[in-house]
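In terms of our numbering, the sequence shown is residues 1 to 188. For glycine and all other residues, C-beta sits at the position ideal for the given N, C-alpha and C. Written out below as structure tokens is the structure these notes cover.
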Amino acid sequence: ALLDISTNQTINFYTATAGTNPRTLTLVLTMSPSGGLLFPATQIANSDVNALDDYEEGSWTPAFGGADSDSGQVHTIQVGRYIKIGKLVTASCDVALSPLGTIGGGVVIKGLPFTSENTTSLFGSAHVTFHADWTTSVVWITSYIQLNATRCIIVHKTAASTTVTNALQADLSNTSRIILDITYRASA
């Protein structure tokens, strides 16, 4: 049978097992006239963990902030894009300051497009691909996604340290910049 790709189509698959009634699987596909499957704009959640029930692409607005508090930040660059397939989110961002403002607690990048999953000891990660105009010399810098939140926490090692520590306001300048590639599991 041919599908009319300008409308939703219901396709029934039948399987028969000896001695039982046939089972029916109903699959509703929305196909774009230009090709490809279309997911609804709002996810229709499926309780089956093996169901692919969501696909989305979009933009988000990253911002420097503090784990405890922040105020007065002005950003010269705030670019973020993401792809969400099921619960897996892959996001990237470029964010730069001018001026720094006040940051209380550890440095975070906030505004992730989806709340992260809340599974103990299972953090998403963010690979730092570039950082500039930081006041502290570091030998290693990375980030992890805070559980049940929309932010990632920036951590680093300094040349003189063997310990991983949270980046703090003192590590940043008025023109600090960071570019991240982020992967994490969304809560829904």
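Taking 8 Å as the upper bound for CB-CB distance, T142 and H127 are in contact here, some 7 Å apart. In terms of Cβ geometry, D54 and G86 form a close pair [threshold 8 Å].
For the pair Q73 and N50, the Cα-to-Cα distance works out to about 42 Å. C-alpha of A149 to C-alpha of R185: approximately 11 Å in a straight line.
When Cβ pairs closer than 8 Å are counted between the two stretches, the segment 160-170 is seen not to touch the segment 111-127, the count staying below three. The secondary-structure analysis by DSSP pairs N166 across a beta bridge with V155.
Fully enclosed beta strand (DSSP E) runs of no fewer than 3 residues occupy 55-59, 63-66 of the segment 35-68, in order along the chain.
The beta carbon of K84 lies closer than 6 Å to those of E56 in the same chain, with the five residues before and after it left out. In terms of CA proximity to R81, F114 leads the group S187, F114, T102. For K84, the enclosing beta strand (DSSP E) has its first and last residue at 75-85.
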